[in-house]
Structure formats: structure tokens, C-alpha cells
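Respectively, the protein sequence lines represent chains H and S.
Start counting the first sequence at 1; every next residue gets the next number (this note's numbering).
Start counting the second sequence at 379; every next residue gets the next number (this note's numbering).
Structure, as C-alpha cells:
Number of protein chains: 2
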Amino acid sequence: MKFIISRDQLITSVQDVMKAISSRTVIPILTGIKIEAKKHGIILTGSDSDISIESYIPAEQDENVNIEHIEEGSIVLQAKYFPDIVRKLPEKMVEIESDENLKLTIRSGKAEFNLNGQDAEEYPQLPTLQTDESFEMPTDLLKSLTKQTVFAVSTMETRPILTGVHMKLNANTLTFTATDSHRLASREIPVNETNVEFSNIVVPGKSLTELNKILGDTPEPVEISVTNNQILFRTKHLKFMSRLLDGNYPETSRLIPDQSKTVLHVKTKELLNTIDRASLLAKEERNNVVKLTTEGDHLVEITSNSPEVGTVAEEITVQSMEGEELKISFSSKYMIDALKAIEYDDVKIEFTGAMRPFIIRPANEDPILQLILPVRTY
Amino acid sequence: MKFIISRDQLITSVQDVMKAISSRTVIPILTGIKIEAKKHGIILTGSDSDISIESYIPAEQDENVNIEHIEEGSIVLQAKYFPDIVRKLPEKMVEIESDENLKLTIRSGKAEFNLNGQDAEEYPQLPTLQTDESFEMPTDLLKSLTKQTVFAVSTMETRPILTGVHMKLNANTLTFTATDSHRLASREIPVNETNVEFSNIVVPGKSLTELNKILGDTPEPVEISVTNNQILFRTKHLKFMSRLLDGNYPETSRLIPDQSKTVLHVKTKELLNTIDRASLLAKEERNNVVKLTTEGDHLVEITSNSPEVGTVAEEITVQSMEGEELKISFSSKYMIDALKAIEYDDVKIEFTGAMRPFIIRPANEDPILQLILPVRTY
């Protein structure tokens, strides 16, 4: 194997596939990065067997030459050293060459690295997706869909299915839902016309978080294919594959109250900052609790107290308050996460009493829904 | 106590004194920050009993009003919450008020914090320096003197005296020296005419590192006073006091070879980058070793090998090589630290054989000296 490649192109691809590589894998060769040289370009692969990422660098692209003098071949290289080596090479072009003894030579300027490789034949075959069915959506929309839901997955392994994000595609509407049983985040968006439908697909939250780090903020399409146990996200030069979680995702729609007793309209940022301040005094307590008290039609008071440290209180003016007066306590962390996910200036909060879950939505009816269970205070 | 103060002024001062506050102190009240209001301004104090920092905010400065409505008094407040509270206050002005029950109220906009304070009378009296003798130097020069030496202090408590930087003032020349017994860094600079002289002052490396974080990059003077067991650095609005280390600092001048067998002149940055690359393959081994081999008058080869991973070699062109050919192995970490401390484009390295300490100096004879002990390789 041999090729001469632009250092900066190589750096980007290496960083992308590194997201799948873990030093704690049980399959030793998966601590490596697979490099394959083909006539038309270079393919890098990284995998921890849950997530697999392939990054493709075409030899030529938009009339620019990325790679020259390609001799086909493949090798697996220790991923621990390769990214730093590539990043610190002195010149813009890098020559990479391997011999029959699995020695890899990296040359750039006067620097020469000789590294021990492993046989690419021993690298596990990645599962191939047995489906021709796929649907497309803009990459940036997938990213915001993920960002608005994935924070609500459970981090506890007691109910593994809740560590994933539930995906449903029905009548050209894609819905993401995540819940840790104390709160829930969901959003639905229309997708391009497709025959694909599914309803019990659960993608590990970690996979979506890693995918979001790699995808660019671009409206270019990402193509999504789903089988029973795998999901594939494919962009122009990237394939991101994740296993799915086994099991049935709980029915969440009945958790969502369909009527309300108290409705607040408020500026998202103002409420967020006030709750952020109120949460300052109880840093060490997880999910520290704040209290919201309505005070007539246009005022809400946010309070918190931590017996050893002190108390904090702040009034904010709301745009409107309809329905019953209310006192309710909840986790400031959940509320901050939910308000950050809204992404609109104005928010509508619907309560059905101090002991019932409440709902936070953008005032403009964009179908983002955040639900939080209150905390009982005595 | 009561005053209204600019939030941004308060944030800066709080951040400065926080540098002295540790949550692991044995004296509970030292986890707090002392606030004193005087007619002319506010004094904040933090201390971990090794380091004490006082920051002063004058009520008026350059015809700007920083503080208004001062009622004198003092209180000690838990330092854990105060910085975040101040930083997140909604308005530019902050009202701070304490009552006779040691309750402190912080008001800004509609936000109100009520915090439990402690009696300032219980805060330890900081040692006062019994000396009228002091000398001055530009703040930025003190910072660079520190940066060029403090990294070489020992981090091991086996010889506590080596965890400090040795300061000597003699004939209007100030010398800083640090060594961990494997390497040594020193620099001397002229100071303004002064009667002060001392020769066995050892300041904890940690104190100087914290001081460097607080001092601005300004040529304004810093005034330094020294007693038997304390050193005080004073700028316009800041007092930084540190205890000194007990014991005799070793005589280091005899470590420095006064003749040399091989002299290299080389571009600092080029050598630094080459050694940085050569050090990449042995990340986990502390102080990983690289080898330097002269190859005639104008070439030097830097190599390193890590049996399991591979080897790296790079030639660099030197400006000149005089004397005997040489092969020498040393810690790449020490070499990188030393070259970074040089701060000039061209460097002169003087060797006296593969088993003897070698010296790195700027080519322009600025009295910065870095000494490194080689590593024996078999």
C-alpha cells in the first residue's frame, strides 16, 4: 500500500473515525484504525462494535487532487498514536507506505515514522445493512432534532431501553422521543416523501451524541437506513453505523396531559437565567430543586433555599398567566435543559397541578415538547 | 456593612482572591472570603495560610465611581458560592448589605440572595511584614522571570526545599533558580538601584504560579519585600503574601559546566517541533527519551523508539556545530520545557560529553540558563 495525501484532509478523516474507537474494547484489533487504499480513494474505519464509522477521502474532488500515487492495499494501525503524529507532521503532504511485514512508514518533510501495523484481514467485517429502503433529511435538521431530545435519555443501566432515543417514522413524519422517567423530550418533523415506516427503533443516546459531533452544520442530505438491529447514517463521504437497543420502548403518549389548569407565557431566556441563578446555592445536590409560585396575572416568583448556605428569590414578569394560582417545585437542571432545547424566544408552560407532570413548548406551536415531573416538597 | 458596587469590578477582585482559597484547608473559616467595607473602598481577602491575597477596590478611581453608599463593616462569606452568584447577577450594579445576625443580602435587579455569613473577627490575622525594605521591578518582567524557571521545581515532597524557586538579590541583580535535581532553570535580571540584598530566599513554586495568574502583563511596578519567613508582592490594588520554605537551598553553581566539547547553534522552534514529534511514540512513559546524534557540521538527527509501537527519525539542519561528534539521550519533556522557556529565535547548546549535564542558552547571551542531565541508554 502506498499513497501521498494532503495532511489536512487526513487529519479531518482521522478525527471523525476516532469517535468510534475506544481503548477499552474487548477486541484488541478494534483499538486500531483501518486504512484501505483503493484506486479511487482512501477509506478509514474505526469501530467499537457498537458504533462503526467509515470516512472516505476521494482521490479527486471538485477538480482538486487530494491523493496521488496510490498503490492499493490495507493495514490496521494503533489509533493511540496516529492522530497526534498526523497532526504534528511538518509538511502539507504526507507519504504513507506499508510493506509485506506490516511495517508502515509515514514521511513528511525530513520526518520519518516507522510504525508496527496489523493485518487488515483480521479486522472484523462490519455488518452490511440488508435494506434498500432509506429516507433523507437535511443534516442540520437531524442535528437539532438530536440535540433537542438526546439529553433526556437515562444514564442508568437499570432500564437499558431508556438509554436510547426512540425513533418513529409514520406518514412522512419523523418523531424522536427520549425519557429517563423523570422527564421527557420529544420533537416531530416532516421528512421528504418516503415509503419507509417504522415504530420501535431505539438508538443508543451515546451513538447519536457521537454522530452529532461529526456531522457538519449543513443543509446537505443525510440518508438514513434501518434494519432490525442496525441503523446507518450516510452522508457524501461518511458512513456512521450503530447497533439498535433491544426491547420495547414504553408507550409515552399517555404520560402527556391533554388538559391544563395553569398556563404561563414567558420569555425563554429570562426564565432560564432566573432559574440558573436560583440553582446556584445547592450545587452539590443533584438536580437541585427550585420552587415556582404564581403571583397574579403577570408575576412569577422563583425561589430556592439551602439551609446551610442561604436563600434566593427572584420575581419575573410573565407575558400572561391564565387559570389557577400555583406553587410547584421541580429540578432546576431538568428545567434548564428543557428551556435550552426550546430554541425559540417565547415559551408556553402548561401545568395541571403541583403533583402532575407539566409541559414546556415553544409559544409558536413548533412540535417540540418537553415534559417534567415535579418534585414533592414537604 | 452596606455598599453598592459595580458587578464587573467585584468579579475581577473575587477571582483574584479565590486563587488563595482552598476547600481542603484545616481552618474552616479559610474556606470563606473576607469582605471589609471602609469609607475609601472595599477589601477582599482570601488565604490558605500558605498564600494570602488582598484585593482592594477603591471607591473612586480616575474620577470613576466604583462603589457608592458605603456603610463600614465586615463579614466572611462561603467562597464556594459567592463567585458564581456575582458572575450571574442580572444587572451591572450590586447592592451588598449585612445585618447584626451575620446575614448577607445581595441584590441586583429583581434577584435577591440571602446568605449566611461568619464573623470577620474570627478570620485569622494575616502576618504583617516587619520590614521597610523593598525593591521594585516591572510586573511583566517578574512574570517572565517566573515562567522561565518555575516549571523546573520538583513536584516530589522528598526534598521539600526543591519544590521552591530560589531567589537571590545581590548588587542590583535578581536571580531566580529552580531545579528538581534532573534539570535546572535560572535567569538573572538587573533591578532598580536598591539597598536590599538577600541570598537564601526560597518561594514555593505553587505560590509563584498562582501569582503569575493574577498579575497583569503590564510594565507597572510590583514592589517586593522579604522577611525571614514571608515574601510580599504588592501592586497598586493587590497584596500577595506567601510563606517561604525553610532550609538551605543547595549550591547549584558548581553543577554548571564551565567548558564544553560540542557546541550547537540551532533555530529554537525547529528543534522544539522536531523533539515534540520524536516524543509522540512513547506517550505513557514519563519523561520519554529521545536521542540526538550529530552528523557533521550542519546536521543533527533526532530519533526515538518504542519497541511495541515503532521508531521515528528526523534530521534537522543546524546553523553550526563545533567540536566533537556526539550521541546523547535525554528526556524530551525537559528539553521541550527548556526550549519553550528560552523565548528567543536562536539557541546555543553546549555539551561536555554524553554523560554530563548540558546547557541551553539563548544565542544572544541573555542570562537565561537551562541545564539538563542526560539519560544513560544501554
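For each residue, glycine too, the CB sits at the ideal point set by N, CA and C.
Just so you know, these numbers come straight off a predicted model, no measurement behind them.
query, result
"Whether V76 of chain H touches K19 of chain H by CB criterion (7 Å)", "no"
"Spatial distance of T671 of chain S from N229 of chain H (CA atoms)", "57 Å"
"Best match in S:S577, S:L519 and S:G583 for proximity to V569 of chain S [C-alpha to C-alpha]", "S:L519"
"Nonlocal neighbours in the same chain, by C-beta distance under 6 Å from T640 of chain S, ignoring five residues either side", "G701, E702, L704 and F729"
"Cβ of P28 of chain H within 7 Å of any chain S Cβ", "no"
"Residues sharing a beta bridge with T640 of chain S, DSSP", "S:G701 and S:F729"
"Short CB-CB distance (under 7 Å) between L280 of chain H and chain S", "yes"
"Identity of the residues DSSP links to R612 of chain S by a beta bridge", "S:E601 and S:K617"
"is_contact[F491 of chain S, chain H] using C-beta, thresh 7 Å", "yes"
"Segments assigned beta strand (DSSP E), at least 3 residues, entirely inside the stretch 504–537 of chain S", "513–516"
"Assigned secondary structure, R286 of chain H (DSSP; H/G/I helix, E/B strand, else coil)", "Because R286 of chain H carries a pLDDT of 49, less than 50, the predicted location of this residue cannot be relied on, and the following value inherits that uncertainty. The answer is coil: DSSP assigns R286 of chain H none of H, G, I, E or B."
"Ordered list of alpha helix (DSSP H) runs contained in the stretch 449–499 of chain S, each at least 4 residues", "460–465"
"L467 of chain S versus Q393 of chain S: straight-line alpha-carbon distance, rounded", "15 Å"
"C-beta neighbour in chain S for T311 of chain H, strict 7 Å", "yes"
"Straight-line gap, I714 of chain S to K143 of chain H (C-alpha atoms, nearest Å)", "41 Å"
"Pairwise C-alpha distance: K417 of chain S and E450 of chain S", "6 Å"
"Expected contact under 8 Å - CB spacing of P745 of chain S and R565 of chain S to nearest Å", "6 Å"
"Inter-stretch contact at 8 Å, needing at least 3 Cβ pairs: the stretch 299–316 of chain H / the stretch 270–283 of chain H", "yes"
"Local Cβ density within 10 Å of P374 of chain H, reported as buried at 16 or more and exposed below that", "buried"
"Proximal chain H residues relative to K711 of chain S, where beta-carbon distance stays under 9 Å", "The premise fails here: K711 of chain S is roughly 15 Å from chain H at the closest Cβ pair, so nothing lies under 9 Å."
"Spatial distance of P502 of chain S from K718 of chain S (CA atoms)", "40 Å"
"Cα-Cα separation, T45 of chain H to L245 of chain H", "23 Å"
"Cβ-based contacts, 7 Å cut-off: residues of the stretch 475–491 of chain S near chain H", "K488, A489, E490 and F491"
"7 Å Cβ cutoff, M1 of chain H in contact with chain S", "no"
"Any chain S beta carbon closer than 7 Å to E314 of chain H", "yes"
"is_contact[I463 of chain S, chain H] using C-beta, thresh 7 Å", "yes"
"Within-7 Å CB hit, L388 of chain S to chain H", "no"
"Any C-beta of chain H under 7 Å from that of R664 of chain S", "A caution first: R664 of chain S carries a pLDDT of 49, below 50, which makes its placement in the model too unreliable to give a value."
"Simplified DSSP state of A56 of chain H, which is helix, strand or coil", "According to the sequence displayed, residue 56 of chain H carries Tyr and not Ala. Strand."
"Euclidean distance between Cα positions of I4 of chain H and N66 of chain H", "8 Å"
"R385 of chain S: contacting residues in chain H (beta-carbon distance under 7 Å)", "Within 7 Å Cβ-Cβ: nothing; R385 of chain S doesn't reach chain H, min ~13 Å."
"Nearest-angstrom Cβ-Cβ length linking D426 of chain S and L408 of chain S, presumed shorter than 8 Å", "6 Å"
"Cβ pair V318 of chain H, L264 of chain H closer than 7 Å", "yes"
"Sufficient close CB pairs (3 or more, under 8 Å) joining the stretch 238–256 of chain H to the stretch 201–210 of chain H", "yes"
"Among H:L272, H:R159 and H:T149, nearest to S332 of chain H - alpha-carbon criterion", "H:L272"
"Short CB-CB distance (under 7 Å) between K143 of chain H and chain S", "no"
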